[in-house]
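Everything on this sheet refers to the single structure shown next.
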Amino acid sequence: MPDRPDFSVELRAMKSERWPVAGTDEAGRGPLAGPVVAAAVVLDPDRIPDGLDDSKRLGPDDRARIFEAILDTALSVSAASISAAGIDSANILRASLEAMRRAVAGLSIAPRLVLADGRDVPPGLACEGRALVKGDQR
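Residue 181 in our numbering is what sits at position 107 of the sequence shown, and the numbering runs on without skipping anything.
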């Protein structure tokens with residue numbers, strides 16, 4: 075298993091005065107029916123939860139513990155979903171990106187940089203966005 079995330083991208087952004095930095099990711103692209111859900115979070119750089127990593131690399135107990143730690147320590151957290159009908163009318167990629175955009179828009183702190191896990195940046199962000207393949211592992 076590769077090393078845990080080192081947050082080097084976020085640290086470089088902070089040094090170049092692009093703070094706050096939000097991360098966003100989606101879940102639910104695999105199911106045949108049901109919504110796609112995305113979350114966005116601005117972590118407190120002084121309170122990164124121990125063991126934070128890609129959820130697919132964590133066991134159920136660690137996922138639950140880190141989820142609670144994020145809710146307790148993050149500066150802002152938001153989630154958004156697109157229904158199965160919305161997915162059908164657009165497509166799964168567009169629906170995923172729109173869910174990410176909505177999650178970012180719902181943050182109580184406006185980010186200056188959004189790091190999107192994957193190959194695409196959600197269109198319509200109010201700030202700079204950057205796609206990071208396997209971003210949840212970096």
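All C-beta atoms, glycine included, are put in the ideal place defined by N, C-alpha and C.
- prompt: Is the segment 141-148 touching the segment 174-181, taking contact as three or more C-beta pairs under 8 Å?
  reply: No, the segment 141-148 does not touch the segment 174-181.
task: Answer yes or no: do valine 95 and alanine 153 have a C-beta to C-beta separation smaller than 8 Å?
output: Position 21 of the sequence shown, counted from the first residue, corresponds to residue 95. Position 79 of the sequence shown, counted from the first residue, corresponds to residue 153. No, these two residues do not count as a Cβ contact at 8 Å.
task: Could you have a look at alanine 173 and say whether DSSP puts it in helix, strand or coil?
output: Locating residue 173 in the sequence shown gives position 99, counting from the first residue. Helix, per DSSP.
message: For valine 207 and aspartate 99, what's the separation of their Cα atoms in angstroms?
response: On the sequence shown, position 133 is the one that residue 207 refers to. On the sequence shown, position 25 is the one that residue 99 refers to. The straight-line gap from Cα to Cα measures roughly 11 Å.
message: Which of the three DSSP states is assigned to valine 151 in this structure?
response: Sequence index remark: in the sequence shown, residue 151 carries index 77 (1-based). Strand, per DSSP.
- request: Quick one: using the 10 Å Cβ neighbour count with 16 as the cut-off for buried, is leucine 85 buried or exposed?
  value: The count along the sequence shown starts at 1 and reaches residue 85 at position 11. Result: exposed.
message: Judging by CA-CA distance, which residue of Arg186, Pro185 and Arg204 is the nearest neighbour of aspartate 194?
response: Residue numbering aside, residue 194 sits at position 120 when the sequence shown is read from its first letter. If we check each option's Cα against that of aspartate 194, Arg204 comes out closest.
query: Around the C-beta of serine 170, are 16 or more other C-beta atoms found within 10 angstroms, so that it is buried, or is it exposed?
result: Residue 170 sits at position 96 when you count from the first residue of the sequence shown. A residue is called buried when at least 16 other Cβ atoms come within 10 angstroms of its Cβ; serine 170 meets this threshold and is buried.
query: Under a three-way DSSP split, which group does glycine 180 fall into?
result: On the sequence shown, position 106 is the one that residue 180 refers to. Reduced to three states, the DSSP call for glycine 180 is coil.
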